[in-house]
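In what follows, a single structure is set out as structure tokens and then discussed.
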Amino acid sequence: MTGFDALDLLAEIEGVGRDRRRGGYTRHVFDDAERELRDWFVERAQRLELEVTTDRNGNLWAWWGEPGPDAFVTGSHLDSVPGGGAHDGPLGVVSALAAVEQLKAAGFVPSRPLAVVVFAEEEGSRFGLACLGSRLLAGAVAPDRLQQLTDAAGQRFVDVARDASLDAPGYDAESLARIGVYVELHVEQGKGLIDLDAPVAVGSSILEHGRWRIDVHGQGNHAGTTDIADRRDPMLPAAAAVLAARRAAARRTGSRATIGRLEPVPGGTNVIASRVSAWMDVRADSEADTRDIVAEVQAAVAEAAAAEGCEASVIEESYSGEVRFDPQLRDRIATTLGGIPALPTGAGHDAGVLAAHVPTAMLFVRNPSGISHAPEEGADDDAVRAGVDALARTIEDLA
Ligand code: GLV
Ligand code: MN
Ligand code: MN
């Protein structure tokens, strides 16, 4: 069979969902681009004679052999952040397809069910909750929260899911019970492998992380006629939040706090906003550090809001504790692959959600820019091939 080289597969989708404003890709769950990628995945998986099903949460499963318990599952996601890179997500999917093709061509027959999975809405870029597909599957989203998930255009997840013919999103005990082991290959999102001068590593842990929403209400008004003393401008407490987040994280080793999304309403150059919403992403080595950073930002926002005559609230949208991947599985994979290094990551993954339920591991592939969630993200051809090879050897060993 030809056409299952991971680089060729990436090239096939390089025109899908390009972001004209930032460059890179914007592929959000169930938008046109992501649907096109879903169709492409189904077609490619069927060419490999895998049987594809969609679960009740929109995750795609391509089965080699009968779907069944104790399956070896590998895969990743096809959605992206706004203006994201080509590899975050798709690299794990194309590498899984390429590894299956390589093993089939070599006559390998797995001794347990094997599936390539594509998880839905890993980035949380449309409905705000990262790893939505795997969280729903694992029963980690409360039903009332699910009802409240809404995108920027006001569309509810449950309505979008219904339009996509999803049957009752929520806890999927049956799909979860089939996973015996999950191994996700992913482009590295930092410089760890550059520093180690290695093409591939096995994952050791994921930093704890969470998202908070900051809303500040003030008084919308005219930029030219409103005296400074008369203003109740919600942008000032929002600006205080941005600065406090940086200050608080910089004082705690290993911590990161980011406000990458800020929405003034209505957003006009000559308009004092009525409301500003901001979303803060915090990651740290310990829960204490995370909570301290959030508390510090909350205090700075409250102080600035009081000074400006505004009302502010800070609400936790999600929180995930530190993940330590199964040490036995990690060591076994590292040994099988000739003693490759182990690396922690600050990025969240569906593997982090599944790690609470099944033995889970990750393979990271070197990214020569060290940049991710941006168009500059990348992977050298040799490293991509090394990743596919590593995944194929892992499958041979474990499946
Ligand atoms: C996903 O890539 C995340 O870490 O936010
Ligand atoms: Mn990502
Ligand atoms: Mn990812």
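Everything in the sequence shown is counted per my numbering, starting at 6 for the first residue and increasing by one.
Ideal placement from N, C-alpha and C gives every residue a C-beta, glycine not left out.
Residue i: CB within 7 Å of a non-hydrogen atom of ligand 3
i    : result
H354 : yes
Contact under 8 Å by Cβ, residue i with residue j
i    : j    : result
S81  : V393 : no
G208 : L348 : yes
A60  : D168 : Checking the sequence, you will find Asp at residue 60 rather than Ala. Not closer than 8 Å, so no.
V123 : V98  : yes
R251 : A234 : no
D402 : P364 : no
P72  : R183 : yes
F46  : L65  : yes
T79  : E189 : yes
A388 : P204 : yes
V192 : A391 : no
G357 : I211 : yes
R329 : S282 : no
N62  : A16  : no
L53  : K109 : yes
P380 : R43  : no
V1   : L102 : Here the chain comprises residues numbered 6 to 404, so residue 1 is not present and cannot be evaluated.
A245 : A300 : no
G213 : S325 : One point to set straight first is that residue 213 is Glu, not Gly, in the sequence displayed. Yes, they are a contact pair.
I338 : T399 : yes
D119 : A404 : The sequence shown places Leu at residue 119, not Asp. For L119 and A404, yes; Cβs fall inside 8 Å.
A249 : V319 : no
L181 : H354 : no
D24  : G70  : no
L96  : F369 : no
I298 : A254 : yes
A307 : A317 : yes
L12  : R49  : no
V165 : F35  : yes
Heavy atom of ligand 2 within 7 Å of residue i beta-carbon
i    : result
H378 : yes
Cut-off 7 Å between Cβ atoms - residues of its own chain near residue i, not counting five sequence neighbours on either side
i    : result
V86  : E128, S130, H378
G159 : none
V276 : G225, A228
S323 : L134, A135, G215, R216
L267 : A243, V281, A283
T295 : E213, G215, V287, A289
G94  : S81, H82, L83, D84, S85, E127
Q51  : V57
Nonlocal neighbours in the same chain, by C-beta distance under 6 Å from residue i, ignoring five residues either side
i    : result
F162 : F132, L154
Q194 : A352, S377
V146 : R140
D75  : R117, G185
S374 : E381, G383
L1   : Given that the chain is displayed from residue 6 to residue 404, the structure contains no residue 1 and the question cannot be resolved.
E41  : V21
E56  : W68
A395 : V205, L342, L368
D156 : R131, F132
K196 : G375
Residue i beta carbon near ligand 5 (any heavy atom closer than 7 Å)
i   : result
V86 : Absent from the structure shown: ligand 5. Ligands present: ligand 1, ligand 2 and ligand 3.
heavy atom of ligand 1 below 7 Å from residue i C-beta
i    : result
A135 : yes
E19  : no
E128 : yes
Sequence-distant residues of its chain with Cβ nearer than 8 Å to residue i (five each side left out)
i    : result
G265 : W284, D286
E39  : G22, R32, H33, L83, D84
E313 : G223, R236, R237, D238, P239, L241, P242
G175 : R61, N62, L141, G144, V146, P148, L151
S279 : H222, G223, Q224, G225, P239, V270, P271
Fully enclosed by the region 24-71, which beta strand (DSSP E) runs are 3 residues long or longer?
Taking only runs of at least 3 residues, the beta strand (DSSP E) segments lying wholly in the region 24-71 are 56-59, 65-69.
Specify which residues have a beta carbon nearer than 5 Å to any heavy atom of ligand 3, listing them in chain order.
Every residue passing the under-5 Å Cβ criterion appears here: D93, G94.
With a floor of 4 residues, list each alpha helix (DSSP H) that falls wholly inside the region 334-360, ordered by position along the chain.
DSSP runs (the alpha helix (DSSP H)) wholly in the region 334-360: 355-359.
Entirely enclosed alpha helix (DSSP H) segments - the region 128-159, minimum 4 residues
For the region 128-159, whole alpha helix (DSSP H) runs of length 4 or above, ordered along the chain, are 137-142, 148-153.
Every unbroken beta strand (DSSP E) within the region 247-293, with a cutoff of 3 residues, ordered by chain
For the region 247-293, whole beta strand (DSSP E) runs of length 3 or above, ordered along the chain, are 261-270, 280-289.
What are the start and end residues of each continuous beta strand (DSSP E) run of 3 or more residues lying completely inside the region 359-391, in chain order?
Taking only runs of at least 3 residues, the beta strand (DSSP E) segments lying wholly in the region 359-391 are 365-370.
At which residue ranges does the region 165-195 contain complete alpha helix (DSSP H) runs of 4 or more residues, listed in the order of the chain?
Complete alpha helix (DSSP H) runs here, min 4: 178-183.
Contiguous beta strand (DSSP E) assignments of at least 3 residues, all confined to the region 210-245:
List check, beta strand (DSSP E) in window: 213-222.
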